[in-house]
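Chemist: Quick one: the structure is below, questions incoming.
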Amino acid sequence: MTQQLSERVLNMATSATLAMAAKARELRAEGKDIIGLSLGEPDFNTPDFIKDAAKEAIDQNYNSYSPVDGYADLKEAIINKFKRDNGLNYTPNQIVVSTGAKQSLANVALAVINPGDEVILPAPYWVSYSDIVKIAEGVPVEVQTSIENDFKMTAEQLEAAITPKTKMIWYSSPCNPSGSVYSKEELESLAAVLRKHPNIIIVSDEIYEHINFGNGHTSIASIDGMYDRTVTVNGVSKAFAMTGWRIGYIGAPDWIARACNKMQGQITSGANCIAQRATITALEAPVSKIKYMIDKFHERRDLVLGLLGEIEGFQLNVPEGAFYVFPNISYFFGKTIKGKKIENASDFSLLLLEEANVATVTGEAFGNPNCIRISYAASETELKEAIKRIKEALS
Ligand code: PMP
Ligand code: GLU
Numbered sequence: 503m504t505q506q507l508s509e510r511v512l513n514m515a516t517s518a519t520l521a522m523a524a525k526a527r528e529l530r531a532e533g534k535d536i537i538g539l540s541l542g543e544p545d546f547n548t549p550d551f552i553k554d555a556a557k558e559a560i561d562q563n564y565n566s567y568s569p570v571d572g573y574a575d576l577k578e579a580i581i582n583k584f585k586r587d588n589g590l591n592y593t594p595n596q597i598v599v600s601t602g603a604k605q606s607l608a609n610v611a612l613a614v615i616n617p618g619d620e621v622i623l624p625a626p627y628w629v630s631y632s633d634i635v636k637i638a639e640g641v642p643v644e645v646q647t648s649i650e651n652d653f654k655m656t657a658e659q660l661e662a663a664i665t666p667k668t669k670m671i672w673y674s675s676p677c678n679p680s681g682s683v684y685s686k687e688e689l690e691s692l693a694a695v696l697r698k699h700p701n702i703i704i705v706s707d708e709i710y711e712h713i714n715f716g717n718g719h720t721s722i723a724s725i726d727g728m729y730d731r732t733v734t735v736n737g738v739s740k741a742f743a744m745t746g747w748r749i750g751y752i753g754a755p756d757w758i759a760r761a762c763n764k765m766q767g768q769i770t771s772g773a774n775c776i777a778q779r780a781t782i783t784a785l786e787a788p789v790s791k792i793k794y795m796i797d798k799f800h801e802r803r804d805l806v807l808g809l810l811g812e813i814e815g816f817q818l819n820v821p822e823g824a825f826y827v828f829p830n831i832s833y834f835f836g837k838t839i840k841g842k843k844i845e846n847a848s849d850f851s852l853l854l855l856e857e858a859n860v861a862t863v864t865g866e867a868f869g870n871p872n873c874i875r876i877s878y879a880a881s882e883t884e885l886k887e888a889i890k891r892i893k894e895a896l897s
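Just so we're on the same page, the numbering used here is the position in the sequence shown counted from 1, plus 502.
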C-alpha cells in the first residue's frame, strides 16, 4: 500500500544523539573500533543498593499497574528530595512520575502548548526540546548564546525574545550540551524579566543537578515569584546511572501536574513499577552515596579539557556540570582534511567518525552549528585514546 505517514512525523527530526549512537553500534558490528562519545549516558553500573531494592520489589510482587502519576510513597520521596536539595515544597498532587524525564517534558509540552505558541529555547539546548515543541505544534524560538558568555542567556536577550505569543521558556542547568550552570544571581536576573510577564511558564530541566563541579545548584522555582509558574523536571537517569530504568518526574503547579497526569493516562499509564520502587531507594539515599561517580566525571572533565585544549582550533568553555564538552570548531570550516571539505559541524563530526573512529554529535542538533558535542561519560582510557585519534586525524 502507499505509505501514509502523518505530517507530524514527516516533519520531525530523528533524535541526533540516538541516531549517532545507532550509527556507532552499526559500525562496531561491522568490526570497526569505534569509541562512542555521542550518547549522554553514564558508563557506571547502577549502584548495588538500588539494584537490591528492585530485586526486593520483584519478590514483593510489584507487578500491577501503579497509579498513573506514581506510587504515593515514591511521590513522598520526591517531595522530600525537592525539600532537601532544592528548598521547594510540593504536595503530592503537584508531582507526576513518568517514563523518563523525556516523557515528563513531552507531557508538559503537550499539556500546555497550543498551536502557534512560542517557546523560548536558549541555544544550545538539548536536542529533543525543539522537536517536542514542534510535535505539540508550538514554535521554538532560539536565543543564541555565546561561548564568551559561557553559553548562557542574559536577561537582555530574554527580554528581547519575549512576544505576546510567548508561552514558555525552557532550559536545562546544568546544560546539555554546554555543561553551563546558571548561578543564583543569573537566574534572579532572568526572573526579574519574567516577573513582568506573569503568564510565561518556565520549564527548568534539572536532570544533571547532582553532576555539578562548581558553585552549587539553584532551582529557579525557589526564586521569588517563580514557584507558581515553574515546572521543575528531574529524574534518576544521570546521577544514579539509571538511564535504562526510565524514571523521571516533575514538581509543578497543581493545574499543570493534573494535565500531565491526564495526558499520561491516555498514552502510557504509570511508569514501570519495579523501577519506581528502586527510585524510592535512590532518592532517599544521601547524595554522598553517588559522589564517587560525580568525582570521576569531574576528573574526566579536567582531563578532556586539558587534552582538547592542546588541539589547535578547539575553542572551549569550562563546563561546570553534566558530562559534556561543547567545543566551537568553526576554525576548521573551509579547510580540507584527509581529502574532505569541512563546511559545517556535521561534516566535522562525520570526519571524526570516519577518520578517527570517534562518535560525537554535531552542534546543529542542539541549535548551534559551530560546535560539536563530546560526552566524557566514558573511561579515561577511552577518552585519552579518542582524543589522540582526533589529534592525529586533524594533523
Ligand atoms: N533532559 C536532558 C537535558 C537530558 O540530557 C536527558 C537525557 N536523556 C533527558 C532530559 C531525558 O532523560 P531521561 O528520559 O533518561 O530521564
Ligand atoms: N540525553 C542523552 C543525550 O543527550 C541521551 C540520549 C537521548 O535521550 O537523546 O545524549
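Idealized CB from N, CA, C, for every residue including glycine. Keep in mind the model is a prediction, meaning the values are calculated, not measured.
Restricting to Cα atoms, I'd like to know which of Ser-682, Lys-585, Leu-507, Ile-876 is closest to Ser-648.
Modeler: Looking up residue 648 in the sequence shown gives position 146. For the residues Ser-682, Lys-585, Leu-507, Ile-876, the minimum Cα distance to Ser-648 belongs to Ser-682.
Chemist: Are Ile-876 and Tyr-826 close, meaning C-beta to C-beta below 8 Å?
Modeler: Here residue 876 corresponds to residue number 374 of the sequence shown, with the count starting at 1. Here residue 826 corresponds to residue number 324 of the sequence shown, with the count starting at 1. In contact: Ile-876 and Tyr-826 (Cβ atoms closer than 8 Å).
Chemist: Any contact of the stretch 731-751 with the stretch 598-609, i.e. 3+ C-beta pairs under 8 Å?
Modeler: Short answer: they touch.
Chemist: Alpha carbon to alpha carbon, how far is His-719 from Tyr-673?
Modeler: Within the sequence shown, residue 719 is the residue found at index 217, counting from 1. Within the sequence shown, residue 673 is the residue found at index 171, counting from 1. Taking the straight line joining both Cα atoms gives about 14 Å.
Chemist: If Leu-623 sits next to Val-643, beta carbons under 8 Å apart, how far is it from one beta carbon to the other, in whole angstroms?
Modeler: As a working note, residue 623 is residue 121 in the sequence shown. As a working note, residue 643 is residue 141 in the sequence shown. Rounded, the Cβ-Cβ distance is 7 Å, consistent with contact.
Chemist: Measure the alpha-carbon distance for Ala-694 versus Ala-657 and round it to whole angstroms.
Modeler: To locate residue 694, count along the sequence shown from 1; it is residue 192. To locate residue 657, count along the sequence shown from 1; it is residue 155. Whole-angstrom Cα-Cα distance: 8 Å.
Chemist: Quick one: what does DSSP say Lys-840 is sitting in, helix, strand or coil?
Modeler: In the sequence shown, the residue the question calls residue 840 occupies position 338. Correct three-state label for Lys-840: coil.
Chemist: Assuming Asn-774 and Asp-571 make a contact with CB atoms under 8 Å, what is their CB distance in whole Å?
Modeler: Here residue 774 refers to the residue found at position 272 when the sequence shown is read from its first residue. Here residue 571 refers to the residue found at position 69 when the sequence shown is read from its first residue. No, Asn-774 and Asp-571 are not in contact; Cβ-Cβ is about 14 Å, not under 8 Å.
Chemist: I'd like to confirm something about Val-629: is its beta-carbon nearer than 7 Å to some heavy atom of the ligand GLU, or not?
Modeler: Counting from one through the sequence shown, the residue named residue 629 turns up at place 127. Checking every heavy atom of the ligand GLU against the Cβ of Val-629, one is found closer than 7 Å.
Chemist: Which value, in whole angstroms, describes the spacing of the CA atoms of Lys-842 and Asp-535?
Modeler: In the sequence shown, counting from the first residue as 1, residue 842 sits at position 340. In the sequence shown, counting from the first residue as 1, residue 535 sits at position 33. Roughly 21 Å between the two C-alpha positions.
Chemist: Taking 7 Å as the cut-off, is the CB of Lys-604 close to at least one heavy atom of the ligand PMP?
Modeler: Within the sequence shown, residue 604 is the residue found at index 102, counting from 1. Answer for Lys-604: yes, Cβ within range of the ligand PMP.
Chemist: Kindly indicate the opening and closing residues of the alpha helix (DSSP H) around Tyr-794.
Modeler: The sequence position of residue 794 within the sequence shown is 292, counting from 1. Start and end: 793-811.
Chemist: May I have the straight-line CA-CA distance separating Ala-556 from Arg-891, to the nearest angstrom?
Modeler: Here residue 556 refers to the residue found at position 54 of the sequence shown. Here residue 891 refers to the residue found at position 389 of the sequence shown. Their Cα atoms are separated by approximately 40 Å.
Chemist: Where does Tyr-710 land, buried or exposed, given buried means 16+ other C-beta within 10 angstroms?
Modeler: Working through the sequence shown from its first residue, we reach residue 710 at position 208. Flag for Tyr-710 reads buried.
Chemist: Which residue or residues does DSSP assign as beta-bridge partners of Thr-668?
Modeler: Counting from 1 along the sequence shown, the entry for residue 668 is found at position 166. Note: Thr-668 sits in a beta bridge opposite Glu-620.
Chemist: Which residue comes first and which comes last in the alpha helix (DSSP H) that contains Ile-758?
Modeler: For the purposes of this step, residue 758 is taken as the residue at position 256 of the sequence shown. Start and end: 756-769.
Chemist: From which residue to which residue does the beta strand (DSSP E) around Ile-703 run?
Modeler: Translated into the one-based positions of the sequence shown, residue 703 becomes position 201. Segment 703-707, the beta strand (DSSP E) holding Ile-703.
Chemist: Please identify the residue among Pro-821, Glu-894, Ala-895 whose C-alpha is closest to the C-alpha of Phe-715.
Modeler: As a position in the sequence shown, residue 715 is number 213, starting the count at 1. Per the Cα distances, Pro-821.
Chemist: Between which two residues does the alpha helix (DSSP H) holding Ile-649 run?
Modeler: Stepping through the sequence shown from its first residue, residue 649 is reached at position 147. No alpha helix (DSSP H) contains Ile-649, which DSSP labels as neither H nor E.
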